[in-house]
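Participant: Supplied in structure tokens, the structure appears directly below.
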Amino acid sequence: MLRQVTHLSLFFSFVLPSLSEDLPQDARFSAFQSASEEANATVDAVLALAVPEGYVAAPWYPTPHGGWTPDWAESYAKAADLVANMTLAEKTNITTGTGYFMDRCTGNTGSAHRVGFPQLCLQDGPLGVRNTENNTAFPAGITIGATWNKELMYQRGAAIGQEFRGKGANIHLGPSVGALGRKPRGGRNWEGFGSDPVLQGIAARESVRGIQDQGVIATIKHWLVNEQEMFRMYNPFQPGYSSNVDDRTLHELYMWPFAEAIRAGVGAVMSAYNAVNGSASTQNSYLINNLLKDELGFQGFMMSDWFAQNSGVATALSGLDMSMPGDPTVPLFGDAWWAFHLTEAVLNGSVPVDRINDMATRIVAAWYQMGQDQDYPEPNFSSWTDDAVGLLHPGALISPQGVVNEFVDVQGDHAAIARAVATEAITLLKNDNQTLPLSSSATLAVFGSAAAQNPDGPNSCADKGCNKGTLGMGWGSGSADYPYLDDPISALRRRTSNLTEYLTDTFPSTIDAGEDYALVFITADSGENYITVDGNPGDRTVAGLYAWHNGDELVEKAAEQYDTVIVIVQTVGPILMDWSDLPSVKAILFQHLPGQEAGESLTSILYGEESPSGHLPYSITHQESDLPESVDLVYFELGQPQDTYAERHYIDYRYLNAHNITPHYPFGHGLSYANFSLSTATLTSLSPLTSLPPPPSPKLPTPTYPTTIPNPSTSPTEAIYPPNFSRIWRYIYSYLSESDALRAYDIGQSPTTTPYPYPAGYSATQRNHSVPAGGGPGGNPALFEPIFAVNVTVTNTGAAASTNNSTSNSTSTYTGHAKAVLQAYIQFPASTQSSFDTPPVQLRGFAKTRALAPGESQEVELTLTRKDVSVWDVARQNWVVPDPAGEYLVWLGWSSGQLGVACSSVTGVCAERERGPVGLGLSLR
């Protein structure tokens, strides 16, 4: 019952989509839609004035047909044959959801069983199978980002893929790389991997590979620049906010991780809710047709986020391929933006026949590409109830019953992967006097409710919409149910009896501070906008970047009573730590969001069974004002809220470095119980640099589609309900009544019919050449050719030195194995700054070593591509090496603020530098 209540509240809290703002509605569909056309024109004009000058959503038509890259050619050939045998209603059926609450999964397409194409199950979420049981609750995206471990990124993706396949879900609604983390208080940053496009891109690439190697279609989301939760949704009174962003910033930051996922072959992309430069994401032809499907060469299908679609024909023309969950502005009445309306739009000539064929073929091609035509299991769970037997169509007025949950256990040995991720993500920010690791005899006092799981049960709050107990994940559709939660206090109890527990967020009024150590657990939470937690509507609005539940005061009170305080932070992102320099605060550990394995992963670090090896996937500043005002949350505005990216490509460490602002802890920072050194570094040029990449090869031929509108009266029926068809009220179908079908067809055949009011710039003629930066999955293949190889030896030189001279409670020197994270940052030649303003340094690669014993070494190679040394040239609409003969420096080190070795592209020499590329003057703690 809890799950049913959860989804009802989710539905009513979704602000319903409003009128389209940038393209005309489907005037021929219904009286309401026809009447709204004139109103939309007024809305268009108002919103066009609201977007700041210079930010334009240019028209780009038509949608490129899929199937022009070699890696998808076989799947497209099969798909084209199958779709050619489908009727029009079958084609529109597989592009449209059957309606919210109507079938087992979060989203469910229609089917074309007559030709052998099944209903597809789409299921949340990025960290595990949502709304089911016997699954693994993996650490969140931000946590795997903090591991900086490519192998673990793949393994986590593969394990998630296995669980989705085991549950019979065809499409995994993850991973997430949007939000990128531009706004530190953004509600869904934790679903992604960090606030840098390269870190996000590599994690996305490895996750997609892992998921799809199991035959599951991955969905990269949210396209594009969806950086806050408040005011994201369109409603009858206010449009969703507009992210106003320039072309170069789009390419160098926000598109970058999507390009990596597309290079990895991702099968689906999900739209965002917000507008971009004034045009809603689901019908922004420039974003979808030009950038995604042409320049990035995306061959899969584009789906709407749930209830993000604002129009019918406009979205089809702009490149949307799948409508989810199928319902229109007002759900649960059997109506739709597409389905039977899309059938009608094809018959009356509003939507070209080749567009519907391409939509259907893209979906079927992704199904073939993942091998789902061979022995793929059907769904064996329900998103809507925990009962074994229930309504087959719970959103229907009257529904038959049947078995809806088979309770299939898909966990396998995935707990070990989840624990490895949670362990390797733990980030040691401070460790004065070698306070950690603890000795087995140490006496501990534990403070904070986050040390123990929610006393009501780890799954008691719907979609994790509360902050009670151990914080293993944020809230919203990106959450999953815990099969169990190994909380820190349970793991500590297993380790020691020298333990006093104060599992409250209020420091006791009287206390006997006789223990050696105080362990203080604090949290900071966020999530999706349909749930408000402690006054926070998704984004962190109440406490800002400070800890929740008076966590800062709890630390300060402990520091007054104890000589040695260890702070353990479970958080969705950066927090402000005014207490970090208090003399008693000796150590700080970030657990991030550890998932179900929060306990043992932590104690293995605390007691030195493993050395911490996590590094920050974002910067931590001293105060919020250290970052530009433009990255703050956008609050209420009359009309459409405007979120203008005035900082351009200067976010996080890029901005701090450019303005010489010393962060509290820099992006990439993380301490170890060991020390590491770099030696024998070399840089090798692998290919000569030219200003422009070689032009891409021509597109391969795409399937040939008919252009003639089908006659709805042919057999099998193209569009008309078959005789004796049994309908379920509120269920969404793609058939029309005979009279409606024939009326639409007559309109499409009549030479006197008023032409559909296509948007300015519309064309139905396919472009057979790629844009200059296109030509393959992720862009021009030449962009990904290796240009430089950097080889360096990393050595574990032994236990880390103490950072001050005060007495330590540590009883031994760490002699175990430890992993290092090597990071490589590019510095562009000074000669480029006059023409291309570039940040001082930008991450371009990283590698995590194996666990090295003291004295042991490992040679690491990092490869930089042409794209890594290029900038986006807005005028040429291409990636350009601004000075091919100039000196590019590849800086090596342990964080964006600790870069000590520079490799020259001119000489190939790598040498230690007394001064790094930025004047941070950072003293590592």
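Just so we're aligned: the sequence shown equals residues -20 to -1, 1 to 905 in mature numbering (1 follows the signal peptide of the UniProt record, and there is no 0).
Ideal Cβ positions, reconstructed from N, Cα and C, are used throughout, including at glycine.
Every value quoted in this text rests on a predicted model; they were computed, and no experiment measured them.
#1: Nearest to G158 by alpha carbon, out of G351, P686, E186 and E209?
#2: Smallest Cα separation from V886: which of Q135, A422 and P864?
#3: Suppose you measure from the CA of T521 to the CA of G87; what does that come to, to the nearest Å?
#4: Around the Cβ of G888, are there at least 16 other Cβ atoms within 10 angstroms (buried) or fewer (exposed)?
#5: Rounded C-beta distance between G579 and S470? I'm assuming under 8 Å.
#6: Can you find the residues in the same chain that come closer than 7 Å, C-beta to C-beta, to W559, ignoring five residues on each side of it along the sequence?
#7: Please tell me whether E404 and L132 are closer than 8 Å, where the distance is taken between their beta carbons.
#8: Indicate the three-state DSSP secondary structure (helix, strand or coil) for A248 in the structure shown.
#9: Ignoring anything shorter than 4 residues or poking outside the stretch 57 to 137, list the alpha helix (DSSP H) runs there in chain order.
#10: Going by DSSP, name the residue or residues bridged to L276.
#11: Of the choices A241, T309 and A252, whose alpha-carbon is the least far from that of F217?
#12: With burial defined as no fewer than 16 other Cβ atoms inside 10 Å of the residue's Cβ, what is the status of W236: buried or exposed?
#13: Can you give the Cα-Cα distance for S610 and R628, rounded to whole angstroms?
#14: Going straight from the alpha carbon of D466 to that of E577, what length do you get?
#15: Expressed to the nearest angstrom, what Euclidean distance is found between the alpha-carbon atoms of P643 and G382?
#16: Helix or strand or just coil, what does DSSP make of G172?
#17: Mapping the DSSP letters down to three states, classify V369 as helix, strand or coil.
#18: For S657, collect the residues of the same chain with a Cβ closer than 7 Å to its Cβ; drop the 5 residues on either side in sequence, then sort them by chain order.
#19: What are the start and end residues of each continuous beta strand (DSSP E) run of 3 or more residues lying completely inside the stretch 348 to 401, in chain order?
#20: Going by the CB atoms, is the gap between F281 and I343 shorter than 8 Å?
#21: Using the C-alpha atoms, what's the distance from P332 back to T733?
#22: Where do the N-terminal and C-terminal ends of the alpha helix (DSSP H) with V535 fall, by residue?
#23: For A188, name the three-state secondary structure that DSSP assigns.
#24: For S584 and S457, what's the separation of their Cα atoms in angstroms?
#25: Using 10 angstroms around the beta-carbon of A855, count the other beta-carbons present and answer buried if the total reaches 16, otherwise exposed.
#26: By Cβ distance, which residues of its chain are closer than 7 Å to Y805, with the 5 residues on each side in sequence left out?
#27: Can you grab the Cα-Cα spacing for the pair Y630 / T551, in whole Å?
#28: Please classify V369 as buried or exposed, where buried requires at least 16 other C-beta atoms within 10 Å of its C-beta.
#29: Could you give the distance in angstroms between the alpha-carbon of P374 and the alpha-carbon of F81?
#30: Can you give me the C-alpha to C-alpha distance between E171 and P106, rounded to a whole angstrom?
#31: Select from L680, D461 and G575 the residue whose C-alpha is nearest the C-alpha of N111.
#32: CB-CB under 7 Å to R185, same chain, minus the five flanking residues each way: which ones, in chain order?
#33: Return the CA-CA distance between A345 and D301, expressed in angstroms with no decimal places.
#34: Select from A294, H202, Y221 and V246 the residue whose C-alpha is nearest the C-alpha of D285.
#35: Relative to the alpha-carbon of A780, which residue among T793, E113, T773 and F768 has its alpha-carbon at the smallest distance?
#36: Can you give me the Cβ contacts of Y736 inside the same chain, cut-off strictly under 6 Å, excluding the 5 residues immediately before and after it?
Facilitator: Walking through what the data contain:
#1: E209
#2: P864
#3: 31 Å
#4: exposed
#5: Sure, about 5 Å apart at Cβ, within 8 Å.
#6: D532, V535, E536, A539 and V565.
#7: yes
#8: Taken through DSSP and simplified to helix, strand or coil, A248 comes out as strand.
#9: 68 to 74 and 121 to 127
#10: Under the DSSP definition of a beta bridge, L276 lacks any partner.
#11: When C-alpha distances from F217 are compared across A241, T309 and A252, the shortest belongs to T309.
#12: buried
#13: 9 Å
#14: 5 Å
#15: 58 Å
#16: coil
#17: strand
#18: Excluding positions up to five away in sequence, the list reads T775 and T777.
#19: 369 to 371 and 381 to 383
#20: yes
#21: 16 Å
#22: G531 to Q541
#23: Correcting the residue identity first, residue 188 is Val in this sequence and not Ala. If DSSP states are grouped into helix, strand and coil, V188 belongs with the helices.
#24: Cα-Cα distance, rounded: 31 Å.
#25: exposed
#26: V821, Q822, L823, R824, W871, S876 and L879
#27: If I take the Cα positions, the gap works out to 24 Å.
#28: exposed
#29: 6 Å
#30: 7 Å
#31: Checking every option, the nearest Cα to that of N111 belongs to D461.
#32: E240, A241, R243 and A244
#33: 12 Å
#34: H202
#35: T793
#36: The beta carbon of Y736 is closer than 6 Å to those of S330 in its chain, skipping five residues each way along the sequence.
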